[in-house]
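J.:
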Amino acid sequence: MQPLRTISLWMDQLDEPLCARPALRQDLDLDVCIIGAGYTGLWTAYYLKRQAPQLNIALIEANIAGFGASGRNGGWLMGNLLGEDRLLASLSPQQRRASIDLLQGTPDEVHGVLQREGIDCDYRKGGVLYCAARYPEQERSLRAWLDDLYRQGFSEADYHWLRPEQLDAQLRISNPYGAIFSPHTATLQPAKLVRGLARAVEAMGVPIYENTPALDWQTGEVRTPLARIRSHWVVPAVEGYAASLPPLGRHQLPVQSLLVATEPLPDSTWEQIGLSQGQAFSENSRQVTYGQRSADNRLVFGARGGYRFGGRLRENFNLEEHEIELRRYLFGELFPQLKHVRITHSWGGNLGMARRFSPHMLCDRQRGIALAGGYGGEGVGATNLGGRTLAALILGQHNELTAQPWVLDNRPVASLASWPPEPARWLGYNAIIQSFVHEDRTLANPASAPWRRRLASSLADFMEGFMH
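The numbering of the sequence shown is UniProt numbering, which starts it at 1 and goes up by one.
1) Which two residues bound the contiguous beta strand (DSSP E) that contains Val-32?
2) Which residues does DSSP pair with Arg-228 in a beta bridge?
3) Verify whether the separation of the beta carbon atoms of Leu-77 and Val-110 is less than 8 angstroms.
4) Since Met-361 sits in a beta bridge, which residues does DSSP pair it with?
5) For the pair the segment 72-92 and the segment 348-361, tell me if three or more CB-CB distances fall below 8 angstroms.
6) I need the boundaries of the alpha helix (DSSP H) containing Thr-269, first residue and last residue.
7) Taking the straight line between their C-alpha atoms, what separation do you get for Gly-428 and Trp-419?
8) Taking only three categories from DSSP, how would you classify Thr-442?
9) Work out the CA separation of Leu-82 and Gly-321 for me, nearest whole Å.
10) How is Ile-119 classed by DSSP in three states: helix, strand or coil?
11) Take every Cβ of the segment 231-242, pair it with every Cβ of the segment 27-38, and state whether three or more of those distances are shorter than 8 angstroms.
12) Excluding the 5 residues preceding and the 5 following Glu-137 in the sequence, name in chain order all residues of the same chain whose CB lies nearer than 6 angstroms to its CB.
13) Where does the unbroken alpha helix (DSSP H) through Phe-67 begin, and where does it stop?
14) Could you tell me the alpha carbon to alpha carbon distance between Leu-459 and Ile-324, rounded to whole angstroms?
15) From this set, Glu-165, Gly-376 and Arg-365, which residue's C-alpha is nearest Arg-356's C-alpha?
16) Decide if Ser-155 is buried, meaning its Cβ has at least 16 other Cβ atoms within 10 Å, or exposed.
17) Quick check on the burial criterion: 16 or more other C-beta atoms within 10 angstroms. Buried or exposed for Met-361?
18) Look at Leu-253 and Gly-311 and say whether their C-beta atoms are less than 8 angstroms apart.
19) Please report how far the alpha carbon of Arg-24 lies from the alpha carbon of Asp-158, in whole angstroms.
20) Could you tell me which of Ile-57, Arg-21, Leu-48 and Pro-207 sits nearest to Tyr-63, measuring between CA atoms?
21) Assuming the contact rule is C-beta atoms closer than 8 angstroms, Asn-399 and Ala-391 should be a hit. Round their C-beta distance to whole Å, please.
22) Considering only residues of the segment 277-353, which uninterrupted beta strand (DSSP E) runs meet the minimum length of 3 residues and lie entirely inside it, listed in chain order?
23) Using a Cβ-Cβ cutoff of less than 6 angstroms, which residues in the same chain neighbour Gly-103 once the five nearest sequence positions on both sides are dropped?
24) Could you tell me the distance, in whole angstroms, from the CA atom of Tyr-150 to the CA atom of Arg-140?
25) With which residues is Ser-182 paired in a DSSP beta bridge?
26) For Gln-51, does the three-state DSSP call read helix, strand or coil?
27) Considering only residues of the same chain and omitting the five flanking positions on each side of Ser-448, which have a CB-CB separation below 6 angstroms?
28) Taking the alpha-carbon positions, what's the Ala-198 to Trp-270 distance?
Written out as structure tokens, the structure is:
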């Protein structure tokens, strides 16, 4: 019996040894100092350097490039933004459609960079399947969501309903009620993307200093263990690690999402399951599940994790047995043939959750601060949009990127909504999650009385309202 690997599958698959670049040891004077060599920081550096090659830019990273969520996520590259329905609600139909087109263009924008820079990260644009699977309430909520999407200005070309037999042509699950398909999502190997992007940025003349945490930051200056950096602009690109750079932790909480990966599965098993075009998939419960078929034919599957009191980061991602078995149960309900498959990797990561689920791209011109975050688990695509937008803001551009409702130009960090103090955060989060767990258990039990099912869903709806 081989031991379970707890590093992320993605980092484990890299050909390169994960050796840290040299730490920063001398003071620097910069135009732009970027804190964090994950997707947001690297995309920002990339687009800045392409448009303004004369800028003196450097990145500092507390660990190695991609150590955080960028090297640990589920590999969904989505052409949308968390909470886009609320963000776009006040726009005219024409403005809304233009914003939708901007968001949906993100996978193709990333693909263009991959081709230009020669980054091979198993990119496949196969779309996404939001499945109604384990109980009939999933179909009702998915159909209601589809109606809402059409009211918002999306078309059938953006999202359309698949009957069970149509879903079967792409993905065969044990108890299908139907699915929503959207073509505006790709899957990829996240660590190959972040490591390749780091190499591309270095080749453009942007140094990356690893094992170099920011101990303190303020207007125009960042202090590290061995050096000080003076910079006209500071870009704290830390997302789920916002608590490490006060006062950002007031505005963004670290929550965890946890994943497992199976051993490579034989072709005969994949012929039974499908996913032959690199599709992403989920089942429509509040467990927030997400999966894909990796390039080496594993099932990679994740679900919502948790929140720690005081916003403490989770450092140890040796998943506990119950955390692994919940994910096995969820994918086993969809694919009974995999209930006893060997799981070779389990891991997780910290991601950033903004108050009211509001992603933001902010520029404080007076203090020389630009930041983006609050992606809420949808950051593989949103970080590219964030990097493009921060570059445009720093360069003083006024274009379709900077005119969006999630852009806060010339606003201080303090203008972001703050989370309430503890213990309200912890108590509230866990009460909400427990209502979701209760709903899922009730609805997944075919013997649950109709009134119990209605009550469980009503309670979960009510509790979910507190998250917005």
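Each residue gets a CB set at the ideal place from its N, CA and C atoms; glycine is no exception. Since the model is a prediction, treat every value here as computed from it, not as a measurement.
T.: Looking at the coordinates:
1) For this step, residue 32 is matched to residue 32 along the sequence shown. Segment 28-35, the beta strand (DSSP E) holding Val-32.
2) As a working note, residue 228 is residue 228 in the sequence shown. DSSP output for Arg-228 lists Arg-223 as bridge partner(s).
3) The count along the sequence shown starts at 1 and reaches residue 77 at position 77. The count along the sequence shown starts at 1 and reaches residue 110 at position 110. Yes, the Cβ-Cβ distance between Leu-77 and Val-110 is below 8 angstroms.
4) Translated into positions along the sequence shown, residue 361 becomes position 361. For Met-361, which the question treats as bridged, DSSP gives the partners Ala-372 and Val-407.
5) yes
6) Taking the first residue of the sequence shown as position 1, residue 269 is located at position 269. Looking at the DSSP string, the run of the alpha helix (DSSP H) that includes Thr-269 is 267-273.
7) Position 428 of the sequence shown, counted from the start, is the residue given in the question as residue 428. Position 419 of the sequence shown, counted from the start, is the residue given in the question as residue 419. Cα-Cα distance, rounded: 11 angstroms.
8) Along the sequence shown, one-based indexing puts residue 442 at 442. Three-state DSSP puts Thr-442 in a helix.
9) To locate residue 321, count along the sequence shown from 1; it is residue 321. To locate residue 82, count along the sequence shown from 1; it is residue 82. At residue 321 the sequence reads Glu, which differs from the Gly that was named. C-alpha separation (whole angstroms): 30 angstroms.
10) Against the sequence shown, residue 119 aligns to sequence position 119. Here Ile-119 sits in coil by DSSP.
11) yes
12) Your numbering for residue 137 matches position 137 in the sequence shown. Taken in chain order, the residues that qualify are Leu-443.
13) In the sequence shown, the residue the question calls residue 67 occupies position 67. Premise fails: Phe-67 is in no alpha helix (DSSP H) and is neither H nor E.
14) As a working note, residue 459 is residue 459 in the sequence shown. As a working note, residue 324 is residue 324 in the sequence shown. Using only the alpha carbons, I get a separation of about 27 angstroms.
15) The residue given as residue 356 occupies position 356 in the sequence shown. Nearest C-alpha to Arg-356: Gly-376.
16) Taking the sequence shown and counting its residues from 1, one reaches residue 155 at position 155. Exposed, since its Cβ has fewer than 16 Cβ neighbours within 10 Å.
17) Taking the first residue of the sequence shown as position 1, residue 361 is located at position 361. Buried: at least 16 other Cβ atoms inside 10 Å.
18) In the sequence shown, residue 253 corresponds to position 253, counting from 1. In the sequence shown, residue 311 corresponds to position 311, counting from 1. The answer is yes: Cβ separation under 8 angstroms.
19) Residue mapping note: residue 24 aligns to position 24 of the sequence shown, counting from 1. Residue mapping note: residue 158 aligns to position 158 of the sequence shown, counting from 1. For the record, residue 24 in the displayed sequence is Leu; it is not Arg. The straight-line gap from Cα to Cα measures roughly 46 angstroms.
20) On the sequence shown, residue 63 is found 63 positions in, with the first residue counted as 1. Position check: residue 63 holds Asn in this sequence, whereas Tyr was assumed. Out of Ile-57, Arg-21, Leu-48 and Pro-207, Arg-21 has the C-alpha closest to the C-alpha of Asn-63.
21) Translated into the one-based positions of the sequence shown, residue 399 becomes position 399. Translated into the one-based positions of the sequence shown, residue 391 becomes position 391. That pair is no contact at about 11 angstroms.
22) 280-283, 290-293 and 299-307
23) Taking the sequence shown and counting its residues from 1, one reaches residue 103 at position 103. It is Leu, not Gly, that sits at residue 103 in the sequence shown. Gly-79, Asn-80 and Leu-81, listed in sequence order.
24) To locate residue 150, count along the sequence shown from 1; it is residue 150. To locate residue 140, count along the sequence shown from 1; it is residue 140. Answer to the nearest angstrom: the Cα atoms are 16 angstroms apart.
25) What you label residue 182 is simply residue 182 of the sequence shown in a count that begins at 1. In DSSP, Ser-182 forms a bridge with Val-128.
26) Within the sequence shown, numbered from 1, the residue matching residue 51 stands at position 51. In the structure shown, Gln-51 sits in a helix (DSSP, three-state: H, G or I).
27) Here residue 448 corresponds to residue number 448 of the sequence shown, with the count starting at 1. Result list for Ser-448: Thr-442, in chain order.
28) Here residue 198 is taken as the residue at index 198 of the sequence shown, counted from 1. Here residue 270 is taken as the residue at index 270 of the sequence shown, counted from 1. C-alpha separation (whole angstroms): 34 angstroms.
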